[in-house]
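Start counting the sequence shown at 189; every next residue gets the next number (our numbering). We put the beta carbon where it would ideally sit given N, CA and C, even for glycine. Heads up, the thing below is written out as structure tokens.
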Amino acid sequence: MIFYFAWCFYPDFKNHLHRRPASRRCLSILTAIISFNGLISANHIFAKTTPNTNFDVTSYTLTLTPDIQNETVSGHETILLHAVSNALQRLDFTRNALTIESALLDGIPLSSTQTGDNLTFNLPTPIPRGHTVKLELIYHGHPARGLARSATALYTSYFACDWMVCRQDAFGDKADFSLKLRVSSGMNTLSVGRLLSKQIEPDGSEVHLWKSPRPYSAYLYGFAIGHFASVTNQVGLTKLTYLSDIAEAEELKRRLASTNEMVHFLSEKAGIPLPVAEYSQLLVKGDEAQEAATYSVIGMDELPTTNNDPAQDWVIIHELTHQWWGNLITCATLQDFWLNEGITTFITAVWKEHLYGQAAYNAELNLARQRLEKARNKGFDKPLAWNGDYPTLGIRRAVQYSKGALFMDYLRTTLGDTAFWSGIRRYTRAHAGGTVTSIDFEKDMETASGRDLHQIFNDWVFGVASQSTTPSSQPKNIISPR
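Okay, here's the thing in structure tokens:
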């Protein structure tokens, strides 16, 4: 039952905070689940705790053969990791539906078990702290999540550790990623980083090698294969690529034309240019809205249907913003997930202010305010860095997306634009390529503004919100000019 819930509602969680109710295909399933099982916790999809964190992964190297028609994968994977605790006795990864055919640790066979949320490899002898080992895996299977297909294409969405072996919620464990995709002759591929080579095999198939430009959290890994129309564009030193199996080149140019201006806008706000040499956008059928390490997957249904409608104009800017806040700078754990999504939701509002004016900014934040009020009306309002269980995905995003955006607006109003944006640039530059906590963000905003922000952060982020600083008590935020 949990699987059906995740399948139905996960796209809505990753989509913008207020756009669309749960899709119709899920309503009967959800009704049955709730009546039988009570209120389902969001933590069935986002685990509150990560697997064993007594080791760090240095790199994932994969050779993968995806099957479009059957939505299956077979792969060979090499994981380099090192122990960060004494006498490491097991390796825990995220549980998935893959069949492990073979597992070798430095050439020694291992067996695997699946218990709870974990895929576990018990070690014959403990690994001492600081020692590096190589885990080699051969597997195949039909991933339960994370793959979507059309008649001619297959692509991934968020759940990387369902089609490979990795640690989905270990956001703080960034690792290098290299992927060889074995595909039919003439097929296009997309993955993390750059396409380094294409090799023709004796059977006529092709192997496309992709490699990440820097270490990334595992949830940001992904790939797509298919027959895609393609358009390329240059913005400064960055190559932009638009791909689709449902739109031709001219439509791609028109639909994604705003990306160029967005890159310039976000680079100025962040204080650093787009942090990838190549950024791609894959346009697919439906309502996808998902960032990956160096590209985004965007559903046609999420693009504006009319010109100059700020209410519809969100998905391109939101997913692009994650290249800075979420991908380049990543929250260390899900406890600080608002640093990924709250900042990005706020920046989406700032883009609308830039393009459409103050009223569009106000409207975006008012919708966030309404979302938070719905959660409060259900008796739920927590600090942004709260580490407890969220009863539903909707309530989780009301806090981490909506309240996070409102806190950013409150900081902006309190500090003024000069100090606020100086703090954002300081934070972005200081932690580029790394992981962060809410304390890091507080320190950088304090340094940039020269102010003690302890009480404000305690009210919004670490402690119980006070009425003196909640957004509903700040009507000037709605009407003050920027």
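Status (buried if at least 16 other CB within 10 Å, exposed otherwise) for residue i
i	result
proline 463	buried
lysine 386	exposed
alanine 339	exposed
valine 624	buried
asparagine 550	buried
isoleucine 256	buried
glycine 604	exposed
isoleucine 315	buried
Element boundaries [alpha helix (DSSP H), containing residue i]
i	result
asparagine 448	447-458
arginine 370	Here arginine 370 belongs to no alpha helix (DSSP H); instead the beta strand (DSSP E) covers 364-371.
aspartate 137	Since the displayed the chain opens at 189 and closes at 670, residue 137 lies outside it and no answer follows.
asparagine 550	546-565
For residue i, the nearest candidate out of the options (CA to CA)
i	options	result
alanine 437	Met450, Ser418, His452, Leu444	Ser418
threonine 518	Asn495, Ala499, Asp357, Trp539	Asp357
proline 579	Ala563, Ser590, Ala412, Met450	Ala563
isoleucine 505	Leu293, Lys362, Tyr615, Glu541	Glu541
tryptophan 351	Asp361, Ser373, Glu324, Tyr407	Tyr407
Span separating the alpha-carbon of residue i from that of residue j
i	j	result
glycine 638	glycine 611	10 Å
isoleucine 535	serine 590	12 Å
tryptophan 648	glycine 530	12 Å
glutamine 478	phenylalanine 309	31 Å
threonine 251	leucine 292	16 Å
glutamate 389	valine 395	7 Å
glycine 410	proline 254	12 Å
serine 393	lysine 631	53 Å
leucine 594	valine 321	45 Å
glycine 651	aspartate 569	11 Å
arginine 333	glutamate 561	32 Å
threonine 260	histidine 328	7 Å
arginine 317	asparagine 242	9 Å
isoleucine 267	cysteine 354	9 Å
tryptophan 398	glutamine 546	42 Å
alanine 383	arginine 557	The amino acid at residue 383 is misidentified as alanine; the sequence shows leucine. Approximately 43 Å between the Cα atoms of the pair.
alanine 520	glycine 360	4 Å
alanine 363	isoleucine 288	22 Å
N-terminal and C-terminal residue of the beta strand (DSSP E) that residue i is part of
i	result
arginine 337	335-337
glycine 414	411-414
isoleucine 486	483-487
glutamate 466	466-472
serine 247	243-255
alanine 477	477-479
As assigned by DSSP and simplified to three states, the class of residue i
i	result
tyrosine 578	coil
threonine 266	strand
asparagine 225	Here the model assigns asparagine 225 a pLDDT of 37, short of 50, so the residue's position is not dependable and the matter cannot be decided.
glutamine 441	Looking at the sequence provided, one finds lysine at residue 441 rather than glutamine. Helix.
glutamine 356	coil
isoleucine 531	helix
tyrosine 404	strand
valine 272	coil
leucine 516	coil
is_contact[residue i, chain C] using C-beta, thresh 9 Å
i	result
histidine 542	Given the protein chain composition of this structure (a single chain), no chain C is represented.
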